[in-house]
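K.L.:
The following block contains the structure, expressed as structure tokens.
Numbering (the working numbering), first residue to last: 222 to 475.
This is how it looks when you write it as structure tokens:
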């Protein structure tokens with residue numbers, strides 16, 4: 222019970238802190254939106270995704286939703302470094318509260334913020350700019366998938382942010398790591414038809430499987446339900462491994 226209450230308290234603090242830093246809130250949403258408009262408009266006349274009978278702007282739309290979750294999750298973990306500098310993190314570590322609550326508080330907070338912003342992006346399907354459908358059942362499934370993905374990505378950010386001493390160093394590492402992960406997820410081009418070596422890289426990438434689940438909700442997958450269970454299991458394995466690493470990190474700190 223103490224773990225749950227402390228985690229929820231830290232989640233509430235994370236959300237308030239993230240919302241008050243307007244530039245992070247705006248950047249996590251506007252940057253993917255601008256990227257979607259520019260890339261989608263520039264590529265729609267010259268590139269048709271193999272195996273997908275839809276415009277390029279429609280194809281890349283689930284990838285942009287994934288990008289919003291990704292950016293929000295990573296931006297939210299900047300607070301780990303800031304909390305350490307301010308002394309808040311040391312106070313939580315010295316308190317009787319379970320150390321695991323730090324992880325769950327950060328990850329749940331990052332997941333909820335990414336979910337909220339990605340659902341705002343989903344509202345674009347109500348406009349003429351996107352010709353995609355989303356049933357009520359698939360919307361509920363999408364909410365679960367986005368939260369699930371946000372938890373994993375925030376945990377990934379936690380693992381990298383925990384040993385960092387500066388936000389600049391953390392930002393540099395995340396920039397080098399995350400954009401290639403997004404590109405090689407199938408967000409910009411499908412996995413089908415790429416060279417074998419690249420297909421192997423893309424299949425190892427957890428974002429590839431997160432994207433497949435999001436595409437499934439929009440009825441976009443080539444094999445609409447064939448690999449759904451496998452993708453869920455693969456992401457679960459990643460989540461468990463990252464959680465174990467982060468638990469080891471906070472418990473090893475004296």
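Just so you know, even glycine gets a beta-carbon here, dropped at the ideal spot from N, CA and C.
My output table needs one value for residue 409: the three-state DSSP class, helix, strand or coil.
P.N.:
Correct three-state label for residue 409: coil.
K.L.:
Would DSSP call residue 356 helix, strand or coil?
P.N.:
Looking at residue 356 - three-state DSSP - the assignment turns out to be coil, as it is neither helix nor strand.
K.L.:
Only counting the same chain, and skipping five residues up and downstream in sequence, which positions put a Cβ closer than 7 Å to that of residue 339?
P.N.:
Result list for residue 339: 286, 289, 290 and 367, in chain order.
K.L.:
May I ask you to report which of helix, strand or coil DSSP gives residue 376?
P.N.:
Note: residue 376 maps to helix in three-state DSSP.
K.L.:
Consult DSSP for residue 440 and reduce its assignment to one of helix, strand or coil.
P.N.:
Three-state result, residue 440: coil.
K.L.:
Could you check the C-alpha separation between residue 427 and residue 380 for me, to the nearest Å?
P.N.:
If I take the Cα positions, the gap works out to 16 Å.
K.L.:
Distance check for residue 424 and residue 453, CA to CA, integer angstroms please.
P.N.:
If I take the Cα positions, the gap works out to 13 Å.
K.L.:
Does the distance from the CB of residue 407 to the CB of residue 429 come in under 8 Å?
P.N.:
The answer is yes: Cβ separation under 8 Å.
K.L.:
From the DSSP output, in three-state form, read off residue 261 for me.
P.N.:
Helix.
K.L.:
Can you give me the Cβ contacts of residue 445 inside the same chain, cut-off strictly under 7 Å, excluding the 5 residues immediately before and after it?
P.N.:
For residue 445, the predicted structure reports a pLDDT of 49, less than 50, and the residue's modelled location is therefore unreliable. The matter cannot be settled from this model.
K.L.:
Give me the residue from 471, 455 and 395 with the minimum Cα distance to residue 299.
P.N.:
Comparing Cα-Cα distances from residue 299 to each of 471, 455 and 395, the minimum goes to 395.
K.L.:
Would residue 372 pass as a contact of residue 332 if the rule is Cβ separation under 8 Å?
P.N.:
Yes, these two residues count as a Cβ contact at 8 Å.
K.L.:
For a test of the three-state rule: what should DSSP assign to residue 401, helix, strand or coil?
P.N.:
In this structure, residue 401 counts as helix in the three-state DSSP scheme.
K.L.:
Span of the alpha helix (DSSP H) holding residue 425?
P.N.:
That run of the alpha helix (DSSP H) goes 417-425.
K.L.:
Apart from the five residues just before and just after residue 261, which ones in its own chain have a Cβ nearer than 7 Å to its Cβ?
P.N.:
277, 278 and 281.
K.L.:
Would you call the segment 293-311 and the segment 386-394 in contact, with 3 or more CB pairs under 8 Å?
P.N.:
The segment 293-311 is in contact with the segment 386-394.
K.L.:
Can you tell me whether DSSP reads residue 253 as helix, strand or coil?
P.N.:
Residue 253 falls in the helix class under three-state DSSP.
K.L.:
Taking C-beta to C-beta, are residue 322 and residue 224 nearer than 8 Å?
P.N.:
Yes; because the gap between Cβ atoms is below 8 Å, this pair is in contact.
K.L.:
Roughly how far, in whole angstroms, is the beta-carbon of residue 376 from the beta-carbon of residue 328, given that I think they are within contact range, below 8 Å?
P.N.:
Contact holds; Cβ gap of about 5 Å.
K.L.:
Would you mind sorting residue 365 into buried or exposed? The rule is 16 or more other CB atoms within 10 Å of its CB.
P.N.:
Classification for residue 365: exposed.
K.L.:
Excluding the 5 residues flanking residue 460 on each side, which residues of the same chain have their C-beta closer than 6 Å to its C-beta?
P.N.:
The residues are 373.
K.L.:
Once you ignore the five residues that flank residue 304 on each side, which residues in its own chain have a CB closer than 7 Å to its CB?
P.N.:
Closer than 7 Å at the Cβ level, and outside the excluded window around residue 304, lie 310.
K.L.:
For residue 354 and residue 455, what's the separation of their Cα atoms in angstroms?
P.N.:
For residue 354 and residue 455, the distance between alpha carbons rounds to 26 Å.
K.L.:
Rounded to whole angstroms, what's the CA-CA distance from residue 361 to residue 398? Just pull it up for me.
P.N.:
Residue 361 and residue 398: Cα-Cα distance of roughly 30 Å.
K.L.:
What is the DSSP secondary structure of residue 232, reduced to helix, strand or coil?
P.N.:
Correct three-state label for residue 232: helix.
K.L.:
With the cut-off set at 8 Å, would you say residue 324 and residue 471 are in Cβ contact?
P.N.:
Closer than 8 Å, so yes.
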